[in-house]
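The sequence shown begins at 207 in our numbering and counts up one residue at a time.
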Amino acid sequence: MNPPLQQNQRTLNKLLSKYTGDRTACCPSLTRIGLDTAHLLGVKVNGDGIVKLCLGIDLLPEAEALSAAEDEVAQLLGANQVQFCFKNLGLGGDIGNATELTDDISIREKQSEAVSIANEALRLIPWLLDDWAIQHGFAAVILKNSKMSASADGLTVQLPEPLRETMSHVIAQSMERFFYQRAGLEVSINIIGEEHDVANAAATMEQRMLAKVRKLQKSKAASLNEGTDFSSDAVPPWDVPLPGEEGARPAYKKQTPKYKRKTEVIYGRVNENLQPVGLSELTIETGSARFIGQVVNLETKLVSQGQKVLFKFDVFGSDGAIACRLFIKPEEAMKLEPILKEQPWCGFDGEVAYNNFDRDITATIRGIEPAEAPKSRQDNTPTADKRVELHCHTRMSSQDAMCSAKDMVNLAARFGHPAVAITDHGVVQSFPEAAETVAKIKGSGQTFKLIYGMEGYLVDDGPVCVYGCVPPPPSVDQFVALDLETTGLDPNTDRIIEVGAIRFRRGQDGNFQPDHKDIFKTFVNPQVSLNEKIQKLTGITDFDLIGAPDAFTVMQDLKAFIGADLIVGHNVLFDLNFMRHEGFRTVAENDPRIHFNPLSIDTVPLARHVLPELKRHRLNDVAKALSVPLESHHRALDDAVCAGSIFASLYR
207 MNPPLQQNQR
217 TLNKLLSKYT
227 GDRTACCPSL
237 TRIGLDTAHL
247 LGVKVNGDGI
257 VKLCLGIDLL
267 PEAEALSAAE
277 DEVAQLLGAN
287 QVQFCFKNLG
297 LGGDIGNATE
307 LTDDISIREK
317 QSEAVSIANE
327 ALRLIPWLLD
337 DWAIQHGFAA
347 VILKNSKMSA
357 SADGLTVQLP
367 EPLRETMSHV
377 IAQSMERFFY
387 QRAGLEVSIN
397 IIGEEHDVAN
407 AAATMEQRML
417 AKVRKLQKSK
427 AASLNEGTDF
437 SSDAVPPWDV
447 PLPGEEGARP
457 AYKKQTPKYK
467 RKTEVIYGRV
477 NENLQPVGLS
487 ELTIETGSAR
497 FIGQVVNLET
507 KLVSQGQKVL
517 FKFDVFGSDG
527 AIACRLFIKP
537 EEAMKLEPIL
547 KEQPWCGFDG
557 EVAYNNFDRD
567 ITATIRGIEP
577 AEAPKSRQDN
587 TPTADKRVEL
597 HCHTRMSSQD
607 AMCSAKDMVN
617 LAARFGHPAV
627 AITDHGVVQS
637 FPEAAETVAK
647 IKGSGQTFKL
657 IYGMEGYLVD
667 DGPVCVYGCV
677 PPPPSVDQFV
687 ALDLETTGLD
697 PNTDRIIEVG
707 AIRFRRGQDG
717 NFQPDHKDIF
727 KTFVNPQVSL
737 NEKIQKLTGI
747 TDFDLIGAPD
757 AFTVMQDLKA
767 FIGADLIVGH
777 NVLFDLNFMR
787 HEGFRTVAEN
797 DPRIHFNPLS
807 IDTVPLARHV
817 LPELKRHRLN
827 DVAKALSVPL
837 ESHHRALDDA
847 VCAGSIFASL
857 YR
């Protein structure tokens with residue numbers, strides 16, 4: 207039963223009628239459970255297409271009917287999911303004050319109310335399971351097979367002992383949050399274990415261990431005495447005495463260790479049976495491996511309450527790199543750290559596997575041995591034919607390259623090249639370092655020349671207001687003025703919320719006039735909630751965007767509306783960037799994209815060139831200076847009409 211409706215009170219039925227265009231539109235399941243006339247307290251849309259409807263109601267319907275009602279409303283609104291959030295309930299509506307004892311309410315009455323709230327929560331479990339099946343499937347399966355009971359202490363859930371230890375906190379918090387946010391009930395969730403599971407688990411583990419022992423005994427007997435009878439009367443081979451030693455058991459023969467420690471090993475032990483592999487060949491499935499590389503980025507950290515030292519470093523080579531870690535005693539760490547710094551090239555023996563903490567392939571080092579650095583590259587071309595590199599970039603370049611000017615110049619000199627040219631993109635900051643390096647090379651008696659260069663850029667120094675890949679036509683008889691309203695300024699992260707466009711045609715007097723019968727206007731569903739600033743600026747709310755088409759569909763219709771016409775806008779490149787990003791957000795990865803590359807005119811630089819006396823050239827400032835009407839600023843169609851009229855006025 208719902209509270210009596212007040213005049214102009216918003217209801218769920220009114221919401222559905224508004225956005226479907228049918229005043230009689232409603233879901234049959236809503237009518238059956240009485241939610242069609244529930245008070246609509248608020249609407250929220252998040253980025254995942256989930257619509258949350260906050261409803262005021264006295265009594266909650268049956269749990270099984272709530273999920274069906276949410277699915278029908280979601281289908282009617284075109285949303286991915288609809289979630290009901292109930293407030294102001296007759297039961298548990300103000301639970302925060304229910305724990306305060308007063309003179310008018312006895313403790314027994316309070317306990318009775320707590321039991322009622324717990325029973326109400328227990329009744330809503332099917333609704334919770336349907337909701338969790340989408341986002342928390344594993345927890346829903348666990349909860350569905352668990353025993354539950356209601357009491358004055360809250361809702362008690364019994365979980366098997368292993369699951370209780372690992373998931374009790376998460377399940378309890380999630381259930382309490384669901385009942386509070388979705389049903390308005392503040393109920394405590396108590397997780398307890400099932401005692402009989404401990405004994406069953408222990409018995410199962412004991413049976414498995416006995417089976418492993420029997421299997422090992424049989425395999426050992428078969429390997430030591432192949433063909434021996436292992437019946438109950440036979441004597442196992444390890445109990446048969448040696449000849450001449452009645453009753454004695456064979457002496458234990460120590461096996462040869464797998465690893466042989468060499469005198470030149472720096473740390474640990476190295477398996478010489480493994481052949482060194484290249485760093486590029488190390489994968490998640492490699493396992494034990496030997497490799498050679500240079501130690502870089504060495505870091506040490508005291509762990510295990512001071513009992514161990516963690517060495518973290520990278521092994522780098524000409525064909526790749528890998529992150530390494532080594533746990534070592536503190537007294538050994540003091541000796542090993544200076545050796546690794548003085549002798550960076552080493553051979554390593556370790557276990558290569560995926561590290562869940564670092565989220566990368568890591569080698570756990572078992573042994574380190576000295577290794578020689580690989581021979582450096584040589585240019586064996588005859589001296590008379592040595593080349594000169596005329597196009598080198600350094601790390602100072604504004605677009606590419608990772609080498610320093612010093613390393614690059616030294617490498618060219620070591621190769622025997624007579625000169626090298628530095629041509630960084632748009633900068634000359636590498637010149638001092640390169641000049642200093644050349645001075646040292648010449649000081650050693652070698653002849654070397656440095657060629658100073660730069661890749662520069664040519665830019666137009668005049669006002670640019672026309673953009674496009676094709677030259678503009680000699681005359682234009684019509685154009686499309688457009689404007690967008692968005693959630694922000696970045697097309698990578700923000701989305702379009704409204705599009706407005708209108709076609710201007712040239713009249714008999716040669717002037718352009720707007721054709722108000724040829725317009726394009728629509729809201730766009732951004733799949734995110736609008737912030738307060740955008741709502742105040744545009745007057746558009748989340749409520750207005752429910753049921754609006756998605757951006758990709760709108761871009762298809764807008765491209766068809768524009769056709770081959772010229773586009774005019776105030777700061778038109780801003781609008782084109784958003785249109786291009788939305789045109790590339792296809793449903794599937796390989797679906798055809800929508801390209802926007804029309805011939806465009808921006809009225810901002812045009813106004814700056816024609817009206818230099820204005821301090822600011824915002825849309826409203828230019829409109830005021832040209833006496834162009836602007837009805838509703840920051841609404842797409844009104845701004846588009848104003849921008850087109852500004853161009854027509856400046857064109858005259």
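Note that beta-carbon positions come from the ideal geometry of N, C-alpha and C, so glycine has one too.
Looking only at C-alpha atoms, which of F853, G694 and Q684 sits nearest to H776?
-> When C-alpha distances from H776 are compared across F853, G694 and Q684, the shortest belongs to F853.
Do you know offhand how far G399's Cα is from Q364's?
-> Whole-angstrom Cα-Cα distance: 5 Å.
Rounded separation between N796 and I628 - CA only = Those two C-alpha atoms are separated by around 42 Å.
Give me whichever residues DSSP pairs with W333 in a beta bridge.
-> Residue pairing of W333 in beta bridges, as defined by DSSP: absent, with no partner found.
Use the C-beta contact count for M861: other C-beta atoms within 10 angstroms, 16 or more gives buried, fewer gives exposed.
-> Past the edges of the chain, shown from 207 to 858, lies residue 861, and the structure says nothing about it.
Starting from the C-beta of R420, find all residues in its chain whose C-beta is less than 7 Å away, skip the five residues before and the five after it, and write them out in chain order.
-> Hits under 7 Å: none found.
How close, in whole Å, do the beta carbons of V847 and I702 come, if the pair is a contact with beta carbons under 8 Å?
-> 19 Å between Cβ atoms; not a contact.
Three CB pairs or more closer than 8 Å across the region 325-336 and the region 268-281 | The region 325-336 vs the region 268-281: in contact.
Less than 8 Å between the CB atoms is what I'm expecting for E575 and E470, so what's the real figure, rounded?
-> With 8 Å as the limit, E575 and E470 qualify as a contact, their Cβ atoms being about 6 Å apart.
L820 to L751, Cα distance in whole Å?
-> The C-alpha of L751 is placed about 37 Å away from the C-alpha of L820.
Taking D827 and V778 to be in contact with their CB atoms under 8 Å, please state how far apart those CB atoms are, rounded to whole angstroms.
-> Contact between D827 and V778 fails: their C-beta atoms lie close to 17 Å from each other, not under 8 Å.
Which word fits R858, buried or exposed, when buried means at least 16 other C-beta atoms lie within 10 angstroms of its C-beta?
-> With fewer than 16 neighbouring CB atoms inside 10 Å of its own CB, R858 falls in the exposed class.
Unbroken alpha helix (DSSP H) runs of length 4 or more, entirely within the region 809-851: which are they?
-> Here the runs fully enclosed are 809-816 and 825-831.
Could you tell me the distance, in whole angstroms, from the CA atom of A454 to the CA atom of T372?
-> Confidence is the limiting factor: at A454 the pLDDT is only 47, short of 50, which leaves the residue's position unreliable and the question unanswerable from this model.
Among L261, C552 and L361, which has the Cα closest to the Cα of S394?
-> Closest option to S394, Cα to Cα, is L361.
Residues that DSSP places opposite V705 in a beta bridge = Answer is L690 and T728, bridged to V705.
I528: buried (16+ other C-beta within 10 angstroms of its C-beta) or exposed?
-> When all chains shown are included, I528 counts as buried.
Could you round the C-beta distance between G526 and S486 to whole angstroms and report it? I think they count as a contact, below 8 Å.
-> G526 to S486, Cβ: 4 Å. Contact.
DSSP on S380, reduced to helix/strand/coil?
-> Helix at S380.
Buried or exposed for E268, please, with buried defined as at least 16 other CB atoms from any protein chain shown within 10 angstroms of its CB.
-> Label assigned to E268: exposed.
Cβ contact (3+ pairs, closer than 8 Å) linking the region 713-722 and the region 689-702 = The region 713-722 is not in contact with the region 689-702.
CA-to-CA distance, V760 to Q281, given in whole angstroms = Cα to Cα, the separation comes out at about 21 Å.
Give the secondary structure of P720 by DSSP, where H, G and I count as helix, E and B as strand, and everything else as coil.
-> Correct three-state label for P720: strand.
What residue does the alpha helix (DSSP H) around K514 start on, and which one ends it?
-> Not the alpha helix (DSSP H): K514 falls in the beta strand (DSSP E), residues K514 to G523.
Measuring CB to CB, does G632 end up less than 7 Å from S610?
-> No, the pair does not count as a contact, with Cβ atoms beyond the cut-off.
Hey, G253 and V734 are a contact pair by Cβ (cut 8 Å); roughly how many whole angstroms apart?
-> Rounded, the Cβ-Cβ distance is 4 Å, consistent with contact.
Leaving out five residues on either side along the sequence, give the residues of the same chain with a beta carbon under 8 Å from the beta carbon of G284.
-> Within the same chain, G284 has close Cβ partners G753.
Counterpart residues of Q364 in DSSP-defined beta bridges = Beta-bridge pairing links Q364 to K353 and I398.
Does DSSP classify G753 as helix, strand or coil?
-> DSSP places G753 in coil when its eight states are reduced to three.
For T699, name the three-state secondary structure that DSSP assigns.
-> Coil, per DSSP.
Opening and closing residue of the beta strand (DSSP E) in which N783 lies = Here N783 belongs to no beta strand (DSSP E); instead the alpha helix (DSSP H) covers V778 to F790.
Would you decide whether D630 is buried or exposed? Buried here means 16 or more other CB atoms lie within 10 Å of its CB.
-> By the 16-neighbour rule on beta-carbons within 10 angstroms, D630 is buried.
Assign H623 to one of two classes, buried (16 or more other C-beta atoms within 10 Å of its C-beta) or exposed (fewer than that).
-> The residue in question, H623, is buried, as its Cβ has 16 or more Cβ neighbours within 10 Å.
Minimum length 4: unbroken alpha helix (DSSP H) runs contained in the region 628-652 | Listed in chain order, the complete alpha helix (DSSP H) runs (minimum 4 residues) inside the region 628-652 are 637-649.
Does any heavy atom of the ligand NAD sit closer than 6 Å to the C-beta of W333?
-> Annotation note on the ligand NAD: not contained in the displayed structure, which lists no ligands.
Quick check: the region 316-331 against the region 339-348, are there 3 or more CB pairs under 8 Å?
-> Touching, no.
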